[in-house]
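Okay, structure first, notes after.
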Amino acid sequence: MDWFKLAYTVLGGLGIFFYGMKMLSEGLQAAASQWIRKAINTLTTNRFMAVLVGLGVTCFVQSSSITTVMVVGFVNAGLMDLSQAIGVILGANIGTTITGWIISIKIGKYSLLLIGLSIFPLLFSRNERISQVGRVVFALGMVFLGLELMSGAFKPLRTNEEFLAMMQYFSAADLPSLLGTILIGCLLTFVVQSSSAMLGITIALASSGSITFQTALALVMGENIGTTITALLASIGANTNARRAGAAHAVFNLLGVLILTSVFWIYKDFIEMIIGGVADFTDAEGQKPYVAAHIAAGHTVFNVANVILFLPLMKYLELVVRKLVPDKAYKEQKKLEFFGDASTTSPALAIGLARAELIKMAELVTKLFDITKTFLNSPQELTELIQKINKFEHITDKMHMEITVFMGKVMESQMTGEESNRVKAILRMAEELESIADYCQSIMKYAQRSFRQGFVFDQPTKDEIEALSNKASELYQHVADRIVRYEHVNIDRLRPEWNEFNELVEKIKETHVERVAEGKFLPVASLTLSDIVVSFRRIKNHTVNLAEAYQGGKQLTPTV
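Using this note's numbering, you'd call the opening residue of the sequence shown number 73 and step up by one each time.
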């Protein structure tokens, strides 16, 4: 037996399968990006809705690992609570079973035909939707071609005495053998880092007659434990709740496997009963034509039963993971930076995440604006307000950096034209919000300078500054409120208000020149007033840019 040939054929088939699954995931995500975005933005504390969202998103993403890693990221950024996360993870476990049904379809011999037919819409169509269909068909062809190559490579193992002797230890005929087989499935999935790939290998081995259905079923159970390592790795370095979300995935799957192990042979017979054909029936060519559907059904039944069992117990599962991952003694900062590899994240998911982070940033700038106005109206320098302004400005700097880095990595992925516009809009909006925060800090420093040099503005000047700050705040709040509430911004209706602001600035400047000429202003006071007025005007300009960016991203609403 040529072990080298078997190894490189399996490796090549696995590589083609991986590439096909990646393309399939990207194609489905692009086709369903609007639905995914709506699902993320409508998440509620309703546990059933969370499960449905996890199920639906994973069906399109074609990877429970991607969904659970994203869930860890959402929790880490404070955009999702732990109970929501557990619900989505439960749903993701059901959603991932669709992969088994896709690869169990017996059309491997038509894989080249699918690849050939897909080339025409993929390369020659200018219609983006038709191109996406071509990409999905091409990906399916690659998946089936990879499986066909692996299945063909495994055929010699059916008669290899060394392999058959080894498999006697993994027949799952008794409890020790069953536990050993589950452990092997878990370890291999941990190494490969993809339960879909291991499921494909398991189906290929079983279809070629190299292993029995019973062994395959036990391997699948182990794969369900092994796949949880991805979320656990993603939660390393994240905050407490994010690590709890990763732990919930592991606890959920581990407990499900332990429960199923106690009734494994009843479970196997049940699958045999509900799926037509005998799983281990071997045809004239030595193939097992029915076993793939049995394995896919076993995978689905396990995860559905697990969700049905744990859905009423979600609160208790949450308590368990809170005990396993206790609170830290200090208050943790919620961050966006521990989201793993953004280049492998669905653009639709990434946009939804960044969109939610952008809302938090807009709300933070609103608070910063209010504190700055309070500082301007205070009769003396207030250390507490200065510290808050500096702290909030630093946070907006960090959020801007994190969003920029995250979106930059997402832009490396394949996106639709609409998604590309939204990413550009988010980047520009984050930049405008950060600039507004910078100018709020600058206004504080100019006012601080006047306090330290011992002069105060007269009452008419104070009134003018207050009117200007109120108008700038009003203009910003009008745009920010619509961003937060997903409402439409009508720029044409805002232009008169922006013009009114410009007129107010010109009026203050004219009055200021008259007072300087009359000797009512010291030079340093004149410079400070000019700096404050210019800063408010630039805040207005950045608010205009913010509204235009929001409109340029088609308002970034979940319904567009």
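All C-beta atoms, glycine included, are put in the ideal place defined by N, C-alpha and C.
In the DSSP annotation of this structure, the continuous segment of the alpha helix (DSSP H) that includes residue 167 starts and ends at 154-167. Residue 335 is classed as exposed because its beta carbon has fewer than 16 other beta carbons within 10 Å across all chains shown. For residue 513, the enclosing alpha helix (DSSP H) starts and ends at 489-524. Using a Cβ-Cβ distance cut-off of 8 Å, the stretch 350-358 and the stretch 151-170 are not in contact, since fewer than three pairs of beta carbons, one from each stretch, lie closer than that value.
Taken atom to atom, the span from the alpha-carbon of residue 585 to that of residue 614 is near 26 Å. For residue 560, the three-state secondary structure derived from DSSP is coil.
Counting along the chain, the unbroken alpha helix (DSSP H) around residue 204 starts and ends at 200-226. Residue 470 has its alpha-carbon roughly 10 Å from the corresponding atom of residue 464. In the structure shown, residue 486 falls within a coil segment according to DSSP collapsed to helix, strand and coil. Here DSSP, grouped into helix, strand and coil, assigns residue 349 to coil. Residue state for residue 459 is assigned as helix, using DSSP reduced to three classes. For residue 369, the uninterrupted alpha helix (DSSP H) run begins and ends at 363-382, by DSSP. Secondary structure of residue 284 (DSSP, three-state): coil. Distance between residue 243 and residue 367, taken at the CA atoms: about 15 Å.
Three or more Cβ pairs closer than 8 Å define a contact, and the stretch 73-93 meets that threshold against the stretch 215-229.
Taking a C-beta distance under 7 Å as the contact criterion, residue 314 and residue 205 do not qualify as a contact pair.
Spanning the alpha carbons of residue 338 and residue 322 requires a straight line of approximately 24 Å.
Comparing C-alpha distances from residue 573 to each of 562, 611, 433, 589 shows the shortest one belongs to 611. Approximately 4 Å separates the beta-carbon atoms of residue 216 and residue 183; this is inside 8 Å, confirming the contact.
Burial check for residue 455: the Cβ neighbour count within 10 Å stays below 16, so the residue is exposed. If you compare the alpha carbons of 326, 374, 359, 327 with that of residue 340, the shortest gap goes to 374. Following the DSSP letters along the chain, one finds residue 262 inside the alpha helix (DSSP H) bounded by residues 247-264. DSSP, reduced to helix, strand and coil, places residue 528 outside both helices and strands of the structure shown, so it counts as coil.
Rounded to whole angstroms, residue 201 and residue 185 show a C-alpha spacing of 21 Å. In terms of CA proximity to residue 175, 93 leads the group 565, 210, 283, 93. Look at residue 177 here: in three-state DSSP terms it is coil, with no helix or strand label. With contacts defined by Cβ atoms closer than 7 Å, residue 280 and residue 227 form a contacting pair. The Cβ-Cβ distance between residue 257 and residue 295 falls below 7 Å.
As the crow flies, the alpha-carbon of residue 77 is around 20 Å from that of residue 270. For residue 575 and residue 436, the gap between their C-alpha atoms comes out near 28 Å. If you draw a straight line from the Cα of residue 440 to the Cα of residue 489, it is about 35 Å long. Leaving aside the five residues that flank residue 597 on each side, the residues in its chain whose CB is nearer than 6 Å to its CB run, in chain order, 527.
Burial of residue 497 is indicated by the presence of at least 16 other C-beta atoms within 10 angstroms of its C-beta.
Pairing residue 378 with residue 318 gives a Cβ-Cβ distance that is not under 7 Å.
Boundaries of the alpha helix (DSSP H) around residue 387: 386-396.
Counting only the Cα atoms, residue 538 lies some 56 Å from residue 300.
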